[in-house]
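Position in the sequence shown (from 1) plus 576 gives the number in the working numbering.
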Amino acid sequence: MTEVQKMDFLHALYIAAIVAAELMGSKIFAVGGVNASVAIFVLPLTFSINDIIFEVYGKKRALSFVRSGLHILFFLVAFNILALVLPPADRFLTTNDAYNLIFSKSLRITVASLFAFWTAERLDVYVFSKLKEKFKHHKFWVRNNLSNLFGLLLDTTVFMFLAFYQPGNFWFILSLVWPYWLLKFAFAAFGTPITSLGVKWLQKKNSK
């Protein structure tokens, strides 16, 4: 694959992970006594891809991925609102309430994700940048995991409070943040060898 093809693949995977998390993230399942969104399988991937891009192409290119993800989230919010306000066709009346129930909840989750994504991904890039200044091109696994650790903590905290906060449940939401954050970080840490391979793959010379 050429350099352009590799970047296209990573960018497509990055956007696909964001869209999948938004469209299917309202599905909750139980794992190890913790209730978690199915988005947990794809969200850590966005942080790992960002670290791969930063390692090979630098901070500006990594931030361009973050901006593209933010644009996608803005589009999803706008289209979600449009879909909810448009009047249903007659044959769709019987299922319209169910549709609105599902996607009105999805709207709040998407808005929460937008703010969480923007702040957390920028923190991830910032921490990775500072660690790279310290370690240069050494200890990628340390830089990758520490930046993910802080980025995922901010992402989880912002998202949980914006998506699910109601008066009187502050401590309940806070109690959910810690196990959910650690679970997401565990998924990200488990993928560290794959992330390292991703860096080597992207650094390889172009092949036709």
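The beta carbon of each residue, even a glycine, is placed where N, CA and C say it ideally should be. These numbers come from a predicted model, not from an experiment.
Residue range 669-711 is occupied by the alpha helix (DSSP H) that includes Ser705. In the three-state reduction of the DSSP assignment, Asn745 falls in the coil class, being assigned neither a helical nor a strand state. With fewer than 16 neighbouring CB atoms inside 10 Å of its own CB, Thr578 falls in the exposed class. Distance between Thr670 and Ala692, taken at the CA atoms: about 35 Å. Per DSSP, reduced to three states, the secondary structure at Ser602 is coil, with no helix or strand assignment. Here Val753 has Thr732, Thr733, Met736 as same chain residues with Cβ atoms under 7 Å from its own Cβ, once five neighbours each way along the sequence are excluded. Measuring C-alpha to C-alpha distances from Ile591 to each of Ile625, Ala765, Ala654 identifies Ile625 as the nearest.
Residues Gly727, Leu730, Asp731 of the same chain have their beta carbon placed closer than 6 Å to that of Ala696, with the five preceding and five following residues left out of the count.
By the Cβ-count criterion, Gly608 is exposed, with fewer than 16 other Cβ atoms from all chains shown falling within 10 Å of its own Cβ. Secondary structure of Ala612 (DSSP, three-state): strand. Around the CB of Arg719, 16 or more other CB atoms lie within 10 Å, so the residue is classed as buried. Within the same chain, Cβ atoms closer than 7 Å to the Cβ of Ala638 are found at Asn626, Ile629, Phe630, Val701, the five residues on either side in sequence being excluded.
In the DSSP assignment, Val607 is bridged to Val610. In this structure, DSSP gives Ala592 a helical state, which the three-state scheme calls helix.
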